[in-house]
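One gets my numbering by counting positions in the sequence shown from 1 and adding 994 to each.
Read through the structure below, which is laid out as structure tokens, and then see the notes.
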Amino acid sequence: MESDRLQAILRKGKTEKRIKIMSSYGYDLCKKFNGIYLSKDKSTAILYWRHTEFKRSFKDWIKYLSMFLRTVQISKVFSTLKREKLVESHRLDIPDYYYVWILGSDPSRTSIRGLAEIRDHLNHLSDESELPVLIETTVEKLLKLYTYVGFEEYEKFFDTSTNLNVWFLKRDPKVLKKES
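Right, here's the structure in full:
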């Protein structure tokens, strides 16, 4: 979740603590699906999953509910859940893909090397499995970065509840020649 969308739903005060709670939840969930990658220089990380492998258990839903209630403004709970459903409904309806949930970098250590490593990791996953990679953004600067590294926009909509554009992007796998 990007900072603009995040700030619109977070409870007031203790922002850093609330972001840490959300990050911890995301880390634990994606770890379960082997969907964590940290660049060697530790400047950039992604949390992702493969769509067909992403199955939340009852325990996962309880953790989600706990995280949600501890971090999201009570007045924003229903609108946030509705927005999550709306965003999901705009994703491509395809049988399988890799979904990048969070791509983050240390703001004090901007590293092109870390971003390039993340890009290479995603490209390798995509090419080896012959599956696309999907990602969304509400930040135009990131839209430009994602298109620069090979993602293509397939949809865009304006989220009236946050007054933000949401861009939907995908990176198709390169077909690798199999040795016979």
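All C-beta atoms, glycine included, are put in the ideal place defined by N, C-alpha and C.
Predicted, not measured: the structure shown is a model, and the values here were computed from it.
Residue closest to residue i, alpha-carbon to alpha-carbon, out of the options
i	options	result
Tyr1021	Gly1098, Glu1082, Pro1126, Glu1010	Gly1098
Arg1103	Ser1037, Leu1023, Tyr1019	Ser1037
Gln1067	Ile1003, Glu1047, Gly1108, Asp1100	Ile1003
Thr1165	Phe1152, Tyr1148, Asp1054, His1045	It is Arg, not Thr, that sits at residue 1165 in the sequence shown. Ranking the options by Cα distance to Arg1165, first place goes to Tyr1148.
Cys1024	Asp1035, Asp1121, Val1094, Gly1007	Val1094
His1115	Asp1100, Ile1088, Val1143	Val1143
Tyr1031	Ser1069, Ile1096, Glu1082, Thr1141	Ile1096
Residue i to residue j span [Cα, whole Å]
i	j	result
Ser1033	Ala1039	6 angstroms
Met1016	Leu1137	23 angstroms
Thr1132	Val1160	5 angstroms
Lys1011	Val1169	43 angstroms
Met995	Glu1124	The predicted model places Met995 with a pLDDT of 44, which falls under 50 and marks its position as unreliable; any figure quoted below should be read in that light. Using only the alpha carbons, I get a separation of about 26 angstroms.
Leu1139	Ile1106	11 angstroms
His1084	Thr1046	18 angstroms
Arg1113	Arg1077	28 angstroms
Val1071	Lys1049	23 angstroms
Thr1156	Leu1075	13 angstroms
Leu1041	Lys1026	11 angstroms
Tyr1058	Ala1110	31 angstroms
Phe1062	Asp1054	12 angstroms
Ser1174	His1118	For Ser1174, the predicted model reports a pLDDT of 48, less than 50, meaning its position is unreliable; a value from the coordinates is still stated below. Cα to Cα, the separation comes out at about 21 angstroms.
Leu1128	Thr1009	28 angstroms
Ser1018	Ser1060	12 angstroms
Thr1154	Gly1029	31 angstroms
Lys1014	Arg1064	11 angstroms
Lys1006	Ser1073	17 angstroms
Val1051	Ser1069	In the sequence as displayed, the identity of residue 1051 is Ser instead of Val. Approximately 27 angstroms between the Cα atoms of the pair.
Ile1056	Asp1100	29 angstroms
Thr1141	Leu1080	23 angstroms
Whole-angstrom C-beta distance between residue j and residue i, which should lie under 8 angstroms
i	j	result
Phe1162	Glu1130	5 angstroms
Other residues of its chain near residue i: CB distance less than 8 angstroms, five sequence neighbours each side excluded
i	result
Pro1126	Leu1086, Ile1088, Tyr1091, Tyr1092, Ser1120, Lys1164, Arg1165, Asp1166, Pro1167
Lys1150	Asn1159, Val1160, Trp1161, Phe1162
Phe1145	Val1127, Ile1129, Leu1163, Lys1164, Arg1165
Cutoff 6 angstroms; reference residue i; Cβ partners in own chain excluding five residues on either side
i	result
Arg1044	Tyr1092
Leu1152	Looking at the sequence provided, one finds Phe at residue 1152 rather than Leu. So the qualifying residues of the chain are Asn1159.
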